[in-house]
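Each step along the sequence shown adds one to the number in our numbering, with nothing skipped, and position 162 is 173.
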Amino acid sequence: MGMPIQNHSDSQLFSASSAGLASLPGSIEATGLSENLLMQLMIKLLHFRQVATLSELSEGLALSGLVCQTLLEKAKRLQWLENLQAGQHGQMRYTLSGLGRLEAERALQASGYIGAAPVPLNQYSDICLRQTHRQYQITQSQMHQCLQGMIFADDALDTLGAALNSSKPTLLYGPPGVGKSYLCRHIIKVLDDHVLVPHALEVNGQVIQILDPQVHEAVDTAPTGSLMQSSHDPRWVKCRRPLIVTGGELTESMLEVGFDSTSRLYKAPLQLKANNGILLLDDLGRQKISPAQLFNRWIIPLEERRDFLALQNGIHFCIPFELVLLFSTNLSPSALMDNAFLRRLGYKIELQPMSADAYRQVWQDNCQKLNLQCEAEVFEHLLEQLHASSNKPLFPCYPRDLLSLIRDAQVYQGLPNLVSKQQLNQAWQHYFVE
Numbered sequence: 012m013g014m015p016i017q018n019h020s021d022s023q024l025f026s027a028s029s030a031g032l033a034s035l036p037g038s039i040e041a042t043g044l045s046e047n048l049l050m051q052l053m054i055k056l057l058h059f060r061q062v063a064t065l066s067e068l069s070e071g072l073a074l075s076g077l078v079c080q081t082l083l084e085k086a087k088r089l090q091w092l093e094n095l096q097a098g099q100h101g102q103m104r105y106t107l108s109g110l111g112r113l114e115a116e117r118a119l120q121a122s123g124y125i126g127a128a129p130v131p132l133n134q135y136s137d138i139c140l141r142q143t144h145r146q147y148q149i150t151q152s153q154m155h156q157c158l159q160g161m162i163f164a165d166d167a168l169d170t171l172g173a174a175l176n177s178s179k180p181t182l183l184y185g186p187p188g189v190g191k192s193y194l195c196r197h198i199i200k201v202l203d204d205h206v207l208v209p210h211a212l213e214v215n216g217q218v219i220q221i222l223d224p225q226v227h228e229a230v231d232t233a234p235t236g237s238l239m240q241s242s243h244d245p246r247w248v249k250c251r252r253p254l255i256v257t258g259g260e261l262t263e264s265m266l267e268v269g270f271d272s273t274s275r276l277y278k279a280p281l282q283l284k285a286n287n288g289i290l291l292l293d294d295l296g297r298q299k300i301s302p303a304q305l306f307n308r309w310i311i312p313l314e315e316r317r318d319f320l321a322l323q324n325g326i327h328f329c330i331p332f333e334l335v336l337l338f339s340t341n342l343s344p345s346a347l348m349d350n351a352f353l354r355r356l357g358y359k360i361e362l363q364p365m366s367a368d369a370y371r372q373v374w375q376d377n378c379q380k381l382n383l384q385c386e387a388e389v390f391e392h393l394l395e396q397l398h399a400s401s402n403k404p405l406f407p408c409y410p411r412d413l414l415s416l417i418r419d420a421q422v423y424q425g426l427p428n429l430v431s432k433q434q435l436n437q438a439w440q441h442y443f444v445e
């Protein structure tokens, strides 16, 4: 089922053919869904819109016109529909009859989901596995090229690159300000291709929302009205590989299928939304759920690359666990978990303070971004006087923060954009509190 391992620079070949993974179903049977579920989705959409044409139903349900026409004919036979006068474009318009509204309200009591038809679990699993990031081999040159302009030690980047190829969970640790979260959030650049993400997933007749505009960035969105001529299954949306970041707000419930009893909606857990992408658990050790609980929850997914979830009615199902799992923490790994858990983490990467040369480069880069001029002797003063006298390590966050304070003061006082020792000393005093 998997595709041959390929050099990541050739990933556009896979991306370009991703539409071929999901062809537009030409019949109800080809959707993989029951006629009853599709009928419920259609009448709920009509209940919401009140009036719709065939093309509007096709767009709203992400189904072909042929499938929607079949559903409309069935609804007419059941006396759920009424025909209205054709609109300005000559298309027949449909609305629900009294009986149809009762059926729609009954359907909404069972599930509040209104929108694109879901994809069945077996199809989701198949396409998710075929899109796995594990088909790629990331090389050293690609890793450094993708993260060009980010000043990190080469050995840290090289270890992280090897970790991505291994698909093993990775922990980045070090003191605050060393750049752990920043690096993790930019790793998605290395997996800069496209995958298909479904609007929703059907499991045992229930619909789970997956597509989330906050984490799934759609690309090449088809213009409105093009579905009737499309050969691609629009239940799947072409997106960049997702990056989901969660920190201290993470709870155990966010790793399970959620159900809102008011809206009657199922929502996907974080790892399901992150499939075929990256899930970053930032600031590990600060969550309400302990690291031990977290790893206990994910022992099977990490080892078997599949996860077991459950619906509200107790029905259990299995999904692929095809994602890069990253952790970052300011704490010592040994303080977070015992050796048994640490062994399950494939890579433990420590990020340390920068060298003076790297620090100088970050300082210069931030001066350029803020349109500031800084003489060499001012930077030497920063290193030899301020850092040395206070024993402050060289963290990459300091140049940005100090220079921002300096620029704020210059703008307020109407001063030129030349950094002076006096301004640097003042910014240092405001930034560091003894």
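Beta carbons: idealized from backbone N, C-alpha and C, even for Gly.
Using three-state DSSP, classify V201 as helix, strand or coil. Translated into positions along the sequence shown, residue 201 becomes position 190. In the structure shown, V201 sits in a helix (DSSP, three-state: H, G or I).
Can you tell me where the alpha helix (DSSP H) with I417 in it begins and where it stops? Residue numbering aside, residue 417 sits at position 406 when the sequence shown is read from its first letter. Per DSSP, I417 belongs to the alpha helix (DSSP H) from 408-424.
Hey, which unbroken runs of the alpha helix (DSSP H) at 4 residues or more fall wholly within the segment 324-349? 344-347
What are the partner residues of L276, as DSSP defines its beta bridges? Taking the sequence shown and counting its residues from 1, one reaches residue 276 at position 265. In DSSP, L276 forms a bridge with D271.
Burial state of S339 (16 or more Cβ within 10 Å): In the sequence shown, residue 339 corresponds to position 328, counting from 1. The residue is buried, with at least 16 neighbouring Cβ atoms inside 10 Å.
Reference G123, options A387, L342, D223, H58, closest by Cα: In the sequence shown, the residue the question calls residue 123 occupies position 112. The option with the nearest alpha carbon to G123 is H58.
Going by C-alpha distance, which of P410, R418, I417 is nearest G188? Here residue 188 refers to the residue found at position 177 of the sequence shown. Checking every option, the nearest Cα to that of G188 belongs to P410.
Please report the Cβ distance between V206 and N287, rounded to the nearest whole angstrom; I am assuming they are in contact, meaning their Cβ atoms lie under 8 Å. Taking the first residue of the sequence shown as position 1, residue 206 is located at position 195. Taking the first residue of the sequence shown as position 1, residue 287 is located at position 276. About 4 Å separates the two Cβ atoms, so the contact holds.
From this set, Y135, L95, Q396, which residue's C-alpha is nearest N436's C-alpha? One-based indexing of the sequence shown puts residue 436 at position 425. When each option's Cα is compared against that of N436, the closest is Q396.
Just mark L110 as buried or exposed, buried being the case when its beta carbon has 16 or more other beta carbons within 10 Å. Within the sequence shown, numbered from 1, the residue matching residue 110 stands at position 99. The residue is exposed, with fewer than 16 neighbouring Cβ atoms inside 10 Å.
Going by DSSP, which residues form a beta bridge with C157? Here residue 157 refers to the residue found at position 146 when the sequence shown is read from its first residue. Looking at the DSSP assignment, C157 forms no beta bridge with any residue, so it has no partner.
Output the boundary residues of the beta strand (DSSP E) element that contains K179. Locating residue 179 in the sequence shown gives position 168, where the first residue counts as 1. Here K179 belongs to no beta strand (DSSP E), and DSSP marks it neither H nor E.
Quick one: is C385 buried, meaning 16 or more other Cβ sit within 10 Å of its Cβ, or exposed? Here residue 385 is taken as the residue at index 374 of the sequence shown, counted from 1. With 16 or more other Cβ atoms within 10 Å, it is buried.
What would DSSP say about H210, mapped onto helix, strand or coil? As a working mapping, residue 210 is identified with position 199 in the sequence shown. Three-state result, H210: coil.
Stretch-stretch touch, CB-based, cutoff 8 Å, three pairs: the segment 368-377 with the segment 217-230: no
Quick check on the burial criterion: 16 or more other C-beta atoms within 10 angstroms. Buried or exposed for L55? Working through the sequence shown from its first residue, we reach residue 55 at position 44. One point to set straight first is that residue 55 is Lys, not Leu, in the sequence displayed. Classification of K55: buried, given that the 10 Å Cβ count is 16 or more.
Looking at L334 and E267, is the spacing between their C-beta atoms short of 8 Å? On the sequence shown, position 256 is the one that residue 267 refers to. On the sequence shown, position 323 is the one that residue 334 refers to. No, the pair does not count as a contact, with Cβ atoms beyond the cut-off.
Pick from P131, W439, R251: whose alpha carbon is nearest that of V201? As a first step, residue 201 must be located in the sequence shown, where it is residue number 190. Of the candidates P131, W439, R251, the one whose C-alpha sits nearest the C-alpha of V201 is R251.
Among M161, V430, L416, Y193, which has the Cα closest to the Cα of D293? Taking the first residue of the sequence shown as 1, we reach residue 293 at position 282. Closest option to D293, Cα to Cα, is Y193.
Within 8 Å, strictly: CB atoms of S75 and G31: Stepping through the sequence shown from its first residue, residue 75 is reached at position 64. Stepping through the sequence shown from its first residue, residue 31 is reached at position 20. For S75 and G31, no; Cβs fall outside 8 Å.
DSSP three-state assignment for L92, whether helix, strand or coil: Along the sequence shown, read from residue 1 onward, the residue named residue 92 stands at position 81. L92: strand per DSSP, three-state reduction.
Quick check on this structure: which residue in L171, P280, F390 has the alpha carbon closest to the alpha carbon of L362? For the purposes of this step, residue 362 is identified with residue 351 of the sequence shown, where counting begins at 1. Of the listed residues, the one whose Cα sits closest to L362 is L171.
Could you tell me the boundaries of the alpha helix (DSSP H) in which K284 lies? By one-based count along the sequence shown, residue 284 stands at place 273. 281-284 is the extent of the alpha helix (DSSP H) around K284.
Would you give the residue range spanned by the alpha helix (DSSP H) that T150 belongs to? Residue numbering aside, residue 150 sits at position 139 when the sequence shown is read from its first letter. Per DSSP, T150 belongs to no alpha helix (DSSP H) and is neither H nor E.
Residue span of the beta strand (DSSP E) that contains R317, given as start and end: Sequence index remark: in the sequence shown, residue 317 carries index 306 (1-based). Run containing R317: 317-321, per the beta strand (DSSP E) assignment.
Close beta carbons around G236, own chain, < 6 Å, minus the five adjacent residues each side: As a first step, residue 236 is located in the sequence shown; it is residue number 225 there, counting from the start. Because G236 carries a pLDDT of 45, less than 50, the predicted location of this residue cannot be relied on, and no value is offered for it.
Tell me the residue span of the alpha helix (DSSP H) that contains V189. Position 178 of the sequence shown, counting from 1, holds the residue named residue 189. Per DSSP, V189 belongs to no alpha helix (DSSP H) and is neither H nor E.
List the whole-angstrom C-beta distance separating Y358 from A174, where the pair is believed to meet the contact cut-off of C-beta under 8 Å. On the sequence shown, position 347 is the one that residue 358 refers to. On the sequence shown, position 163 is the one that residue 174 refers to. Confirmed, about 4 Å.
I need the straight-line Cα distance from P184 to I360, nearest angstrom please. For this step, residue 184 is matched to residue 173 along the sequence shown. For this step, residue 360 is matched to residue 349 along the sequence shown. The residue you asked about is not Pro; residue 184 is Tyr in the sequence shown. One C-alpha to the other measures close to 6 Å.
For S415 and Y442, what's the separation of their Cα atoms in angstroms? Looking up residue 415 in the sequence shown gives position 404. Looking up residue 442 in the sequence shown gives position 431. Those two C-alpha atoms are separated by around 11 Å.
Per DSSP, I360 forms a beta bridge with which residues? On the sequence shown, residue 360 is found 349 positions in, with the first residue counted as 1. In the DSSP assignment, I360 forms a beta bridge with L183.
Using a 10 Å radius around the Cβ and a threshold of 16 neighbouring Cβ atoms, would you call H227 buried or exposed? Residue mapping note: residue 227 aligns to position 216 of the sequence shown, counting from 1. H227 is buried by the Cβ-count criterion.
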